[in-house]
Amino acid sequence: MQVRWNFKLLPNQTQEATLEDWLVTLRKHRNYALRERTTGFESNNKDSESTIIYTYGSYCDLESRIEFGSCCPLTCPVLKHGVIPQNLGLATKETKVKDKDTKKVVETVVKWDSASGIQMKTTTQLRNSLCNFSIINSAVLQTNIARLDTAFSNFYKRRIGYPNFIRRLDSFEYKPGHVLLRHIRKNYATAYLPGIGDVKFHKSRDLTLIQDLRTCTITRKGVRWYISMLVAIADVLPDVKPLDLCKSVVGIDVGINKLIALSDGSFQENKRISTNKRTARRMAMRQRGISRKQKGSKNKIKAIKKLRLQQHKLAQHRDGYNWQVAKVVVDTADVVAKEDLNIKNMVKRAKPKHDGKGGYKRNNAAQKTGLNKVILDASWGDIFDKIAWLALKAGKPVVEVSARHTSQECLKCGHVDKKNRLGEKFLCTACNHLDHADTKASRTIGKRVGLVFLKNKKTLPADCGKVTPSSHQSDWVETLVPCLS
Ligand SMILES: [Zn+2]
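So the sequence shown is numbered by this note's numbering: it starts at 79 and just counts up by one.
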């Protein structure tokens, strides 16, 4: 089993300075490579008449390998290839010349490579000529280019936009086999990072379990440093229990007022970690502090560091709290039922409203922005991920159900109406069924899983007996039997 383990690095002052220098050089390196590829991207596709110089990559049909100088990269299946620059001495520079002495005909052989392949070869030259490049481990430089190439291939697969120039790089990666673990003590261990040396890190996990150490990523978060190791460990995951053997289900409804409402009637509070009044004020102060400092001054750098540290602390606080919440949810029942939410669409900004006279009507954009901030602060997606992982570790299935009308549908009679909901209260306009709105939504979600538990069976539910009270269970049986038959 392959998992990612994160540890807090404890570099000394010299090591930290080296790490920071590396990140600056690597950022420049990436931006330089991006500039090259952009030039290639633009020059090869604009002018079909002129001779095309495939220095940094062009486009070709994958099967026939025919180059298209003027094709539009967005309309045809293309991959980037180029001729290895001659000055690198890597391409065979044999030319079709009849040698007078030997009388041999030597033909030109042009060597092709992918754009990133060429750039990796150029990087080797950079290491020979520039001292800030020569101190960096060559594998790290290679992965730096490989990461950019991944960004490009994602762009061509239309997953993301065109790669951007970056103003701040926060991580770099070692290939497998480069980092070694040494001096494993009780509370700490050291990792040998080529080019930097032995760096201590907090030993927060049992390192003896590692069967194979793969890629290692060094990351700067705020003012702290972390090492993230991809490790192979013995497979400890149990088989996921089949749905028909499960004895209880918990539906969860995520929200703003209550972070999570569980179908057993309990709630998990929303701490509003970065949008509560106190923190929001402090963050605004930190931000204001930065904007008041002189550009390029040391005080500005200090102020930026303060803000980053604060943001990092909040992120860690949120991360820890989300683990707690996820644990509570997974421990409640055998099956977790959750909504299939499209959070990305939920946090889109308000659309402008035209008034028909060339102007705009009010569209409550500020209100929507505020709501978006709160939604992002609640980090539902992160909680769902954590629930999925903890459930996998416990061998419990997680079921996704449609999020349609979960808050408007009556649990008793199935009546769907917007007016059913009055703030935190749910009152059915058809049958006067009264419930807490969020709890009801979570029960609807639980019900949609389609599991029917027998009425009054003492042994059920297995874990706690907290799942939907018996009054609701009777309804379940009634409403679900026709659907199942
Ligand atoms: Zn009703």
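All C-beta atoms, glycine included, are put in the ideal place defined by N, C-alpha and C.
Whose CA, out of the options, lies closest to the CA of residue i?
i, options, result
"Leu454", "Val479, Lys474, Arg427, Val476", "Arg427"
"Asn84", "Leu385, Gly434, Lys373, Thr295", "Thr295"
"His256", "Lys319, Ala269, Arg245", "Ala269"
"Ile465", "Val527, Arg236, Trp401", "Trp401"
"Thr447", "Asp463, Trp458, Val425", "Val425"
"Met361", "Ser375, Gly374, Lys383, Lys376", "Lys383"
"Leu321", "Asn109, Met79, Leu87, Leu529", "Leu529"
"Lys471", "Asn354, Val408, Val277", "Val408"
"Gln388", "Arg356, Met307, Asn232", "Arg356"
"Arg245", "Arg263, Leu291, Ala515, Asn109", "Asn109"
"Leu287", "Asn498, Met79, Pro89, Arg366", "Met79"
"Ile368", "Ile379, Glu114, Lys451", "Ile379"
"Ile421", "Trp458, Asp397, His395, Val494", "Trp458"
"Lys264", "Phe279, Leu271, Tyr399, Val406", "Phe279"
"Gly333", "Asp513, Thr410, Ala456", "Ala456"
"His390", "Asn442, Asp331, Arg302, Leu449", "Arg302"
"Leu87", "Arg292, Ser216, Thr297", "Thr297"
Could you tell me which residues DSSP pairs with residue i in its beta bridges?
i, result
"Asp460", "None; Asp460 has no bridge partner."
"Val414", "Val328, Val476"
"Met307", "Trp83, Cys294"
"Glu251", "Thr295"
"Ala269", "Leu259, Val277"
"Arg302", "Lys299"
"Ile382", "Answer is none; Ile382 lacks a bridge partner."
"Asp495", "DSSP output for Asp495 lists no bridge partner at all."
"His483", "Paired residue(s): none; His483 is not in a bridge."
"Lys503", "Leu500, His514"
"Leu340", "Ile330"
"Tyr399", "Note: Tyr399 sits in no beta bridge, so no partner."
"Leu88", "Lys278"
"Tyr110", "None; Tyr110 has no bridge partner."
"His432", "Tyr438"
Apart from the five residues just before and just after residue i, which ones in its own chain have a Cβ nearer than 6 angstroms to its Cβ?
i, result
"Leu219", "Thr201"
"Ala229", "Pro241"
"Leu392", "Ile351, Ser352"
"Arg386", "Gly300"
"Glu141", "Because the pLDDT of Glu141 is 42, which lies under 50, any placement of that residue in the model is unreliable, and the number read from its coordinates should be weighed accordingly. So no residue of the chain qualifies."
Tell me, to the nearest whole angstrom, how far the beta carbon of residue i is from that of residue j; I am working on the premise that it is less than 8 angstroms.
i, j, result
"Leu340", "Val328", "6 angstroms"
"Ala565", "Ile223", "Limits of the chain in this structure are 79 at one end and 563 at the other, which puts residue 565 out of reach."
"Ala381", "Lys371", "5 angstroms"
"Gly275", "Gln91", "Actually they are not in contact, since the Cβ atoms of Gly275 and Gln91 sit about 13 angstroms apart, beyond 8 angstroms."
"Ala404", "Ile461", "6 angstroms"
"Lys281", "Tyr266", "5 angstroms"
"Pro430", "Lys319", "Not really, about 50 angstroms apart at Cβ, beyond 8 angstroms."
"Ser491", "Ala508", "One point to set straight first is that residue 491 is Cys, not Ser, in the sequence displayed. The pair is a contact, with the Cβ atoms about 5 angstroms apart (cut-off 8 angstroms)."
"Ser306", "Asp412", "Contact doesn't hold; Cβ gap of about 33 angstroms is too wide."
Quick one: what's got a C-beta closer than 8 angstroms to residue i's C-beta in the same chain, skipping five residues either side?
i, result
"Ile214", "Trp100, Thr103, Leu104, Arg205, Gly273"
"Gln289", "Val309, Ala310, Ile311, Ala312"
"His261", "Ala267, Thr268, Asp276"
Ordered along the chain, which non-local residues of its own chain (more than five positions away) have a Cβ less than 7 angstroms from that of residue i?
i, result
"Asp317", "Gly473"
"Thr153", "For Thr153, the predicted structure reports a pLDDT of 29, less than 50, and the residue's modelled location is therefore unreliable. A value from the coordinates is still provided. None."
"His483", "Val494"
Checklist entry - Taking three-plus beta-carbon pairs below 8 angstroms as touching, is the stretch 241-251 in contact with the stretch 102-109? => result Here the stretch 241-251 lies against the stretch 102-109, with 3 or more beta-carbon pairs under 8 angstroms apart.
Checklist entry - Three or more C-beta pairs closer than 8 angstroms, one from the stretch 469-489 and one from the stretch 511-527: is that the case here? => result Look at the beta carbons and you see the stretch 469-489 touching the stretch 511-527: at least three pairs across the two are nearer than 8 angstroms.
Checklist entry - Do the stretch 490-503 and the stretch 338-353 meet, that is, are 3 or more Cβ pairs less than 8 angstroms apart? => result Between the stretch 490-503 and the stretch 338-353, the count of C-beta pairs closer than 8 angstroms stays below three; the two stretches do not touch.
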